[in-house]
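Asks: So that we are looking at the same thing, I have put the structure below in structure tokens.
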Ligand SMILES: Nc1ncnc2c1ncn2[C@@H]1O[C@H](COP(=O)(O)OP(=O)(O)OP(=O)(O)O)[C@@H](O)[C@H]1O
Ligand SMILES: [Mg+2]
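Numbering (our numbering), first residue to last: 315 to 556.
Spelled out as structure tokens, the structure:
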């Protein structure tokens with residue numbers, strides 16, 4: 315009973331909360347200053363800001379590759395800044411990441427790269443085969459399942475990276491410029507995949523420079539400007555805020 319109760323309260327917790335978070339690298343100036351944010355489970359946001367504004371830095375805080383210099387980060391109700399190191403891998407597995415530079419494993423095929431999160435969680439091979447094949451087909455790579463990353467184009471690698479990030483239906487999906495290397499038609503298809511994952515319950519944050527994408531899809535925006543973060547309502551198709 316107690317266990318069930320604590321599970322429920324975790325399920326209802328915000329996907330992520332930032333409490334007065336600041337970040338500087340190597341005692342340098344702040345890249346991010348006093349960020350406060352609470353995003354409910356199941357939310358969908360674009361993360362915007364000029365090149366160098368701190369989008370990737372914020373995502374690193376959220377996928378636990380970076381600790382804040384001040385303040386705390388809470389994921390799914392757990393304060394990950396204060397948590398014991400041994401508690402972090404289990405939380406980290408609930409976060410799917412599309413890295414700006416893909417980070418595929420060179421010695422593995424596209425199929426095996428995408429299968430990795432499922433293999434880590436000991437999913438049955440039959441489930442792995444059907445889920446990975448379906449996803450790679452969805453992103454238009456059914457003919458490239460056996461291809462090694464070095465033989466793929468930038469946009470094809472990006473699509474493998476996206477499939478890998480979503481394959482185990484993580485509670486939080488963080489995508490850093492996930493449509494930066496593909497044409498508009500593929501970008502729309504990839505957005506559709508993120509929207510489907512969101513419908514299945516994942517919270518999504520997509521960092522992007524692509525204004526066209528931000529205008530086309532009516533999601534809230536997290537904007538970084540002058541090291542500060544603000545949450546903005548969706549940008550309308552005419553570029554105006556309602
Ligand atoms: N590991 C690091 N060490 C020192 N400074 C860093 C490091 N990573 C990023 N920075 C600095 O932090 C600032 C924010 O960088 P970040 O990569 O977060 O920006 P971004 O918004 O993702 O940019 P882009 O749109 O070009 O990807 C930049 O001034 C960058 O030089
Ligand atoms: Mg970046």
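C-beta atoms are modelled at their ideal positions from N, C-alpha and C, and glycine is treated no differently.
For ligand 2, is there any heavy atom lying closer than 7 Å to the beta carbon of residue 471?
Replies: False, no ligand heavy atom lies under 7 Å from that Cβ.
Asks: DSSP three-state label for residue 554, please.
Replies: Coil.
Asks: For the region 438-462, which segments carrying the alpha helix (DSSP H) assignment without a break, of at least 4 residues, lie completely within its bounds, in sequence order?
Replies: Here the runs fully enclosed are 439-452.
Asks: So does the region 498-512 actually touch the region 363-370, counting three or more Cβ pairs closer than 8 Å?
Replies: In short, these stretches do not touch, since the Cβ pair count stays below three.
Asks: Considering only C-alpha positions, which residue in the set 331, 463, 354 is nearest to residue 348?
Replies: Out of 331, 463, 354, 331 has the C-alpha closest to the C-alpha of residue 348.
Asks: Flag residue 392 as yes if its beta-carbon sits less than 8 Å from any beta-carbon of chain D, otherwise no.
Replies: The structure shown contains no chain D; it is built from a single protein chain.
Asks: Can you tell me whether residue 541 is buried or exposed, with buried defined as 16 or more other CB within 10 angstroms of its CB?
Replies: Under this definition residue 541 is a buried residue.
Asks: Taking 8 Å as the limit between beta carbons, can you name the residues of its chain near residue 421, skipping five residues before and five after?
Replies: 462.
Asks: Grab the span of the alpha helix (DSSP H) containing residue 472 for me, first residue to last.
Replies: Its alpha helix (DSSP H) spans residues 468-480.
Asks: Measure the CB-CB distance between residue 414 and residue 498 and report whether it falls below 8 Å.
Replies: No.
Asks: When you compare the region 380-388 with the region 400-412, are there three or more beta-carbon pairs, one atom per stretch, that lie closer than 8 Å?
Replies: They do not touch, by the three-pair rule.
Asks: Looking at ligand 1, does it come within less than 7 Å of residue 506, judged from the CB to the closest heavy atom?
Replies: For ligand 1, not one heavy atom lies less than 7 Å from the Cβ of residue 506.
Asks: Pull up the DSSP beta-bridge partners for residue 346, would you.
Replies: In DSSP, residue 346 forms a bridge with 337.
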